[in-house]
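Going letter by letter, the sequence shown gives residues 1 to 815 in the UniProt record's numbering.
The C-beta atom is built at its ideal place from N, Cα and C for all residues, glycine as well.
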Amino acid sequence: MLQIFPMKVDPRWHGPPPSQLSLALQQALAKELMRAKQGQIQQGGLAFRLLQAIAALLTSAHAGPIVLSMHHSHALSCPLMRQLHLYQRLVSQDVAFSSLFLKVILEMLIWLDNPTVEAGPLKTLLKSFAGQNSSQQRHNDVRTGFLQLSEALAYRRDIEGPLRAVIAMLKAGDRCNAEAELIGKVLQGLMEVRSPFLEELLSLLMTVGTQNGTAGPVAMVISLLLQESEEQAVKMEVDSNNSSEVTKSGLSSGLLVDWLEHLDPEVTSVCPDLQQKLLFALNRARGTPAYRPYLLALLTHQSNWLDPSSALDFLWACSHIPRIWQGRDQKIPQKKTEKFVLRLSSEELISLVDLILAESELNTRDSPQDDKSSLNQASCSLIQSRLPLLHSYCSGELENIKKVSEYLINCTKKYEESAMNKRCQNLLLQIYLHFPEVIQHVTLPEGTFSSGGAADGSSCKLDVLVHRLVILLADIGDSKSVEGRVSDANLACRKLAVSHPVLLLRHLPMIASLLHGRIHLNFQEFRQQNHMTFFGNVLAILELLQPLVFHSEHQRALQGCLLSFMKVLRNFQRTRSPLVFITKFLQFTQKYITRDASSAIPYLQKHSDILQVLCAENPDLVQLKSLLAGLTLPVRRSSSEVDPEEGEDDVSTGSLPLVNISASVSLSAADMTMYLKKMSRGGAVEDVLEVLTEVDEKSRRSPEIIQYFINDLQRLMTSSEDLCRNLAFSLALRCIQNNPCLATDFLPTFMYCMGSGNFDVVQTALRNLPEYVLLCQEHADILLHKAFLVGIYGQIDTSSMIAESMKVLHMESTT
């Protein structure tokens with residue numbers, strides 16, 4: 001070998017040339033190969049002794065020079081190495097020869113892999129042999145292949161041969177028995193050296209892992225991404241001049257992210273802990289990995305949102321996370337008009353409602369079933385918390401609110417007498433609190449306002465307005481401006497009590513507090529400061545709030561109001577008591593007892609001493625004596641409290657028997673017949689005026705009697721006689737004030753009067769326009785538009801009346 005591949009050429013050496021020695025050696029090896037092919041294998045033959053000689057030289061101090069000599073004399077070394085390789089393939093069962101041959105190849109490659117050594121045919125040939133022989137030496141063991149590949153990467157050796165061997169075994173279907181840590185280490189090394197075989201090896205590994213149905217491939221990909229991010233973060237910390245907000249990921253991150261999407265489209269379902277760390281963990285770098293926004297997009301678009309809470313939270317995030325709307329206006333203008341970017345269709349809004357109901361149902365199902373009231377309250381609170389979300393996706397459009405409400409109404413009919421029925425009614429109630437105008441377009445079920453949730457801490461669109469009206473109602477005084485302001489507030493509250501009683505009942509505790517704050521005044525202060533007006537207005541409003549005011553959630557506030565009434569009446573002793581107020585109070589108390597005797601009677605019995613004092617001061621009040629007589633009788637339980645074992649007769653007997661307190665009608669049947677006859681069409685003007693005057697006087701105490709003359713009043717409102725017309729308008733407005741539900745009955749007549757050809761009739765209608773607009777607010781736009789047209793085409797100045805109507809509607813006259 002030293003003669004064929006001399007380390008130094010000595011001119012004094014006169015031996016045969018190296019080519020002749022090499023040719024003789026090749027011929028001898030060829031003969032041995034022929035015998036090996038014929039099965040005549042000789043132990044310790046020429047091939048084995050030649051291989052031992054090369055191995056001995058490689059372990060000596062002359063290993064480097066001899067390898068370089070073989071590298072330069074590749075025309076001689078390559079044929080010899082090919083013959084040794086052919087012999088090794090023929091005696092593959094000879095483990096000693098194969099191991100020694102592989103050892104020789106690898107040690108020679110160590111010297112040839114030096115950067116100072118140029119590539120040559122010998123190096124290429126040895127790499128090919130190394131790949132083939134390493135596969136044979138591992139005996140189809142993939143783990144051993146990864147170990148050798150890891151070793152080659154660690155010592156910067158040539159990796160192409162071992163890598164090709166591993167790929168060949170995986171393609172052949174060999175079992176991948178390497179540990180995940182070892183595979184990850186090898187892949188990380190291949191990523192660092194930017195091996196062109198990385199994608200092929202990764203594809204094979206992912207395919208094998210997917211077929212096995214394990215989470216190993218996903219965990220491995222995530223670990224590689226995390227490791228790459230951490231290494232990149234360290235590099236960014238070193239580079240202090242880098243001010244980029246996004247970390248530039250390595251070249252392999254895109255490949256890994258693509259495989260992660262293929263293996264786990266939902267991004268967080270296979271290895272939640274690792275995947276959440278990948279998505280949300282803070283890096284030591286100043287920015288975030290470049291692939292993270294893409295993974296977050298996959299999370300939002302490809303995750304399976306089976307949980308209603310998750311789906312609703314995702315919808316909330318779509319509207320509130322600033323980065324999602326990056327690129328939109330950053331500076332909010334002073335007069336901001338909210339833009340609803342995510343516009344849901346009607347079907348999608350219905351699905352959103354179903355999610356809200358399903359979340360409430362699941363929350364109730366997962367909670368303990370012991371305390372039913374607590375569960376209902378929790379369900380109500382959960383529904384309330386989702387109302388802003390529903391509000392935002394309805395885009396404030398009444399048509400969307402109407403469709404959602406109609407769907408919920410159908411659900412209440414579908415789920416009768418069930419928990420879902422209560423949830424639908426609760427959601428309907430919350431929608432009504434946010435959009436009170438919906439009641440003009442749909443008819444809410446009867447149980448909606450009694451489903452609970454109206455008087456608690458939920459928000460309401462009109463809370464500020466109602467609070468202001470109540471404050472104005474309580475702000476009494478002696479001046480005419482204050483009286484007008486209180487009168488307007490009273491009309492608005494009465495209209496609200498009829499149109500939206502639930503909205504006013506939310507403020508019943510505040511009304512009770514305002515009443516309680518005046519009962520400490522003595523009689524003189526109370527009368528001088530005109531507080532009785534406020535008490536009378538509140539009592540009249542409570543009458544309009546029946547029967548909702550008697551529901552259990554309003555009991556405490558209602559009883560607070562009644563106590564203030566009784567204490568004020570007690571303060572009037574030894575003076576002339578307000579009989580009209582006492583009568584109305586007793587009538588209201590009787591209705592309270594009839595509606596809820598189990599709550600009303602114990603409360604009245606508790607304060608019967610006040611009623612006794614009041615009866616002593618007013619001995620002529622038969623209604624009060626009847627009430628006190630009934631309070632002394634034993635109290636029967638209500639039907640809901642009767643034991644099932646008791647007879648049905650006890651249930652049907654009702655509550656405490658009391659003498660009925662009926663409203664005092666100041667007109668007898670004979671008077672009514674006479675009045676109607678005189679007011680009939682064709683009657684004398686004097687007779688009509690006489691009847692109108694008497695009805696006007698009697699209706700001051702009992703305004704309910706005007707309802708019997710509505711048809712005649714509507715006819716007289718168009719009369720050409722000034723006195724009759726003015727009295728008819730006055731009585732009509734008084735009737736509407738007493739019962740605002742009748743406001744729409746007078747709308748055709750009022751519109752006709754404003755369009756009348758009689759100038760005096762038009763003027764009378766315009767004078768009463770502000771008060772009527774306040775009582776008929778649901779049709780205010782029609783009335784004001786008619787007044788505007790009258791001013792244009794009738795050449796009448798209606799601007800002052802329209803302005804006054806607008807001021808009354810907005811309560812601007814109180815500022």
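- In this structure, DSSP gives Gln555 a helical state, which the three-state scheme calls helix.
- Annotation: Pro547 to Val622 spans about 25 Å, alpha carbon to alpha carbon.
- Look at the beta carbons and you see the segment 490 to 510 not touching the segment 692 to 712: under three pairs across the two are nearer than 8 Å.
- Taking the CA atoms as reference points, Pro619 sits about 42 Å from Gln714.
- In the displayed model, Asn758 falls within coil according to three-state DSSP, outside both helix and strand.
- With a contact defined as Cβ atoms closer than 8 Å, Leu544 and Arg494 qualify at about 6 Å.
- If you draw a straight line from the Cα of Ile222 to the Cα of Ser150, it comes to about 20 Å.
- Note on Cys741: under 16 other CB atoms within 10 angstroms of its CB, so exposed under the neighbour-count rule.
- A direct Cα-to-Cα measurement between Leu58 and Leu100 gives close to 12 Å.
- Within the segment 588 to 629, the runs of alpha helix (DSSP H) at least 4 residues long that lie entirely inside it are, in chain order, 597 to 606, 608 to 617.
- In the DSSP assignment, Leu80 falls within the alpha helix (DSSP H) that extends over 74 to 90.
- For Leu579 and Ser564, the gap between their C-alpha atoms comes out near 17 Å.
- Looking from the CA of Ser805, the closest CA among Ala629, Leu182, Asp475, Asp488 belongs to Asp488.
- For Tyr415, the secondary structure class from DSSP, reduced to helix, strand or coil, is coil.
- In this structure Asn177 is exposed. Its beta-carbon is surrounded by fewer than 16 other beta-carbon atoms within 10 angstroms.
- Residue environment for Met191: buried (at least 16 other C-beta atoms within 10 angstroms of its C-beta).
- Under the Cβ criterion (8 Å, minimum of three pairs), the segment 348 to 364 counts as touching the segment 378 to 395.
- Cys411 is a Cβ neighbour of Cys424, given a cutoff of 9 Å.
- The beta carbons of Val104 and Leu25 sit about 16 Å from each other, so the pair does not count as a contact at 8 Å.
- For the 9 Å CB-CB criterion, Val142 and Val166 form a contact.
- Ala28 sits in a helix when the DSSP states are folded into three classes.
- Pairing Ala780 with Cys318, the inter-Cα distance amounts to about 39 Å.
- When only Cα atoms are considered, Leu586 and Phe572 end up about 16 Å apart.
- Three or more Cβ pairs closer than 8 Å define a contact, and the segment 746 to 766 falls short of that threshold against the segment 462 to 479.
- Counting only residues of its own chain and dropping the five nearest sequence neighbours on each side, Leu473 has a CB closer than 7 Å to the CB of Val486, Ala489, Asn490, Cys493, Phe534, Asn537.
- In the structure shown, His467 falls within a helical segment according to DSSP collapsed to helix, strand and coil.
- Nearest to Leu256 by alpha-carbon distance, out of Gln302, Phe280, Asp273, Leu201, is Leu201.
- Pro18 places its beta carbon less than 9 Å from that of Ser73.
- In summary, Gln440 is exposed, with fewer than 16 beta-carbon neighbours lying within 10 Å of its beta-carbon over all protein chains present.
- Taking the Cα of Leu23 as reference, the smallest distance to any Cα among Gln302, Leu80, His71, Leu775 is reached at Leu80.
- For Pro501, the uninterrupted alpha helix (DSSP H) segment begins and ends at 501 to 505.
- Distance from the Cα of Leu263 is smallest, within the candidate group Leu299, Leu296, Met206, Ser253, for Met206.
- Leaving aside the five residues that flank Phe5 on each side, the residues in its chain whose CB is nearer than 8 Å to its CB run, in chain order, Pro18, Ile66, Ser69, Met70, Ser73, Leu76, Ser77.
- If you look at Asp781, you'll find it in the alpha helix (DSSP H) that goes 780 to 793.
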